[in-house]
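Anchor point for the sequence shown: position 396 equals 435 in our numbering, and the numbering is continuous, going up by one each time.
Here the structure is laid out as structure tokens; the discussion comes afterwards.
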Amino acid sequence: MIQILQKKFLQQLPFWLAAGLTALLAVGYAKIFALCEEWALTRDVTTTYWAAPLGIIISFLIGYFISKESIGSGIPQILASAELAEKQNPILKKILSLKMIVVKIIGSCICVIGGGSTGREGPTLQISAAIFYQLNRFWPKKLSRPPDNLMVIAGGAAGLAAAFNTPLGGVVFAIEEISKTHISHIRTTVFQAVIIAGVISQMVMGNYLYIGKSTLDTSAAGLMLYTVLFSIIIGLTGAAFAESLYRIGRWRKNTTFTKQFVLTLFSAAAFVGIFYFCGAGTLGAGKGVMQKILQGESTSAFSSELWVGRLFGNFFTYIAGVIGGIFAPALASGATLAQWLTGLLNTGSSHVLILVGMVAFLTGVTRTPFTSFILVFEMTSSHEVILYLMLAGLISNVVAKLVNHESFYEQVAHDIKGTA
């Protein structure tokens with residue numbers, strides 16, 4: 040009996056250790072990223088006109104010349120890695136390398152300190168998966184080394200939980216996106232990794248809501264119909280946004296450095312132009328924008344500047360080839376677009392529809408409706424709107440297929456596997 044328990048303990052120990060390391064690194068990364076973003080948002084405006092393009096250009100160059108595997112979000116890399124790990128593909132050592140971790144953190148922070156519209160959440164997932172994978176590589180075989188694909192899947196789930204403080208979202212994401220097969224084999228490991236990462240990150244950061252609690256009114260007439268309408272419009276917008284990113288990104292990957300650099304210069308200039316016309320709401324990941332909107336501090340409900348700045352700011356930042364993600368910026372794009380529509384249509388219950396917009400846009404990009412509504416639900420702890428969020432996820436997922444049957448992440452992951 041003791042030998043059986045000892046064997047079980049040794050089998051689970053790598054997951055526990057990796058989850059603890061993930062939580063600590065994710066929290067440290069979040070704090071550094073937040074400081075960089077805060078400086079970008081509070082400094083003199085004129086500085087941004089040169090700092091933003093400089094940050095975008097340096098982020099691209101660091102990724103291109105030091106670790107190409109660090110460029111972009113990080114989530115497609117996990118999707119590809121989960122399958123490549125089953126075949127013991129040597130490219131995993133590059134996608135989930137220690138060098139990638141360092142470059143990912145430095146490159147994304149340089150981009151955001153300049154003012155670029157990028158997020159740390161996707162990078163956190165790739166970093167977390169790399170921690171799990173690297174620990175497993177050096178784990179003694181005689182101590183029951185787990186399969187690499189399970190470590191990658193658990194790492195991605197733990198990373199999402201630590202990035203957003205959403206443990207349930209981490210579990211659902213692992214089941215819905217990272218591992219569309221072998222669900223029965225990953226249940227325990229994913230739960231353990233998510234719980235440990237979540238507990239440690241809360242011990243360090245405290246039990247917080249990613250966006251914060253907001254007062255929600257679900258009594259407005261026609262709220263369900265507006266939910267359907269917003270889900271269709273914003274879901275399609277998210278899908279079109281993601282498809283544009285994929286097509287431009289695929290072209291970038293297959294062309295020369297000179298052409299890539301020209302596109303980076305153009306994108307950096309376009310970002311500065313958007314910032315000039317749309318203001319400071321364009322900068323950073325957008326977490327502060329979402330908080331202000333949901334707490335009633337934003338006065339831009341009837342202006343298109345905020346959503347245009349968020350949407351196209353993230354678009355031009357990403358196609359510049361920087362190191363950084365679109366996960367949190369996608370939530371901000373959905374929130375600002377929904378806010379504008381509530382003002383345009385005079386809907387009432389604007390906060391509910393803003394949350395609906397966040398779910399719809401993220402689902403349009405990721406095609407993970409359950410992850411999307413659970414993430415937003417956990418970030419706000421808004422039990423009274425869960426039905427509207429579920430509906431938004433399901434509708435936007437259906438209409439997004441009119442643009443492409445595969446998500447942005449899936450398409451990029453297929454390309455990575457194709458070159459492996």
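Each residue gets a CB set at the ideal place from its N, CA and C atoms; glycine is no exception.
*Spell out the partners DSSP gives residue 364 in its beta bridges.*
158
*State the Cα-Cα distance for the pair residue 424 and residue 411, rounded to the nearest angstrom.*
14 Å
*Identify whether residue 261 lies in helix, strand or coil by the three-state DSSP scheme.*
coil
*Run the CB neighbour count on residue 418, radius 10 Å, all protein chains shown included, and call it buried at 16 or more, exposed below.*
buried
*Name the DSSP beta bridge partners of residue 111, please?*
362
*Exposed or buried, residue 335, counting other C-beta atoms within 10 Å across all chains shown (16 or more means buried)?*
exposed
*Look at residue 448 and residue 120 and say whether their C-beta atoms are less than 9 Å apart.*
no
*Which residues in the same chain have their Cβ closer than 6 Å to the Cβ of residue 452, if we skip the five residues on either side of it in sequence?*
115, 118 and 119
*Which word fits residue 333, buried or exposed, when buried means at least 16 other C-beta atoms lie within 10 angstroms of its C-beta?*
buried
*Can you give the Cα-Cα distance for residue 137 and residue 429, rounded to whole angstroms?*
38 Å
*From which residue to which residue does the alpha helix (DSSP H) around residue 296 run?*
296-317
*Determine, using beta carbons only, whether residue 57 and residue 151 come nearer to each other than 9 Å.*
no
*Express the C-alpha separation of residue 301 and residue 280 in angstroms, rounding to a whole number.*
21 Å
_Cα-Cα separation between residue 172 and residue 187, rounded to whole angstroms_ = 6 Å
*Taking the C-alpha atoms as reference points, what is the distance between residue 84 and residue 104?*
31 Å
*With a 10 Å radius around its C-beta and 16 neighbouring C-beta atoms as the bar for buried, classify residue 204 as buried or exposed.*
buried
_Counting only beta-carbon separations shorter than 9 Å, does residue 385 have a partner in chain D?_
Checking the listed chains, one finds no chain D in this structure; it contains a single protein chain.
_Among the candidates 269, 128, 198 and 160, whose CA atom is the shortest distance from the CA of residue 376?_
269
_Taking 9 Å as the threshold (C-beta atoms), are residue 159 and residue 68 in contact?_
yes
*CB of residue 404 within 9 Å of CB of residue 278, strictly*: yes
*Flag this pair as yes or no: are the beta carbons of residue 99 and residue 360 separated by less than 9 Å?*
yes
_Residue closest to residue 215, alpha-carbon to alpha-carbon, out of 202, 282 and 446_ = 446
*Return yes when the Cβ of residue 348 is within less than 9 Å of the Cβ of residue 318, no when it is not.*
yes
*Between 421, 208 and 52, which lies nearest to residue 178 when the distance is taken from Cα to Cα?*
52
_Suppose contacts are defined by Cβ-Cβ distances below 9 Å. Is residue 206 in contact with residue 213 by that definition?_
no
*Whether residue 393 touches residue 369 by CB criterion (9 Å)*: no
*By how many angstroms is the C-alpha of residue 165 removed from the C-alpha of residue 134?*
8 Å
_Considering just the uninterrupted stretch of the alpha helix (DSSP H) at residue 188, what are its terminal residues?_
187-203
_Considering Cα atoms alone, identify which of 106, 455 and 432 is closest to residue 274._
432
*asked:* According to DSSP, is residue 83 part of a helix, a strand, or is it coil?
replied: coil
*For residue 325 versus residue 156, is the C-beta spacing smaller than 9 Å?*
yes
*For residue 177, does the three-state DSSP call read helix, strand or coil?*
coil
*Give the secondary structure of residue 122 by DSSP, where H, G and I count as helix, E and B as strand, and everything else as coil.*
helix
*Compute the Euclidean distance between the alpha carbons of residue 182 and residue 110, then round it to the nearest angstrom.*
35 Å
_Neighbourhood of residue 291 by C-beta, 7 Å cutoff - its chain only, sequence neighbours within 5 removed_ = 299, 302 and 360
*asked:* Using the Cβ count rule (16 or more neighbours within 10 Å means buried), how would you classify residue 357?
replied: buried
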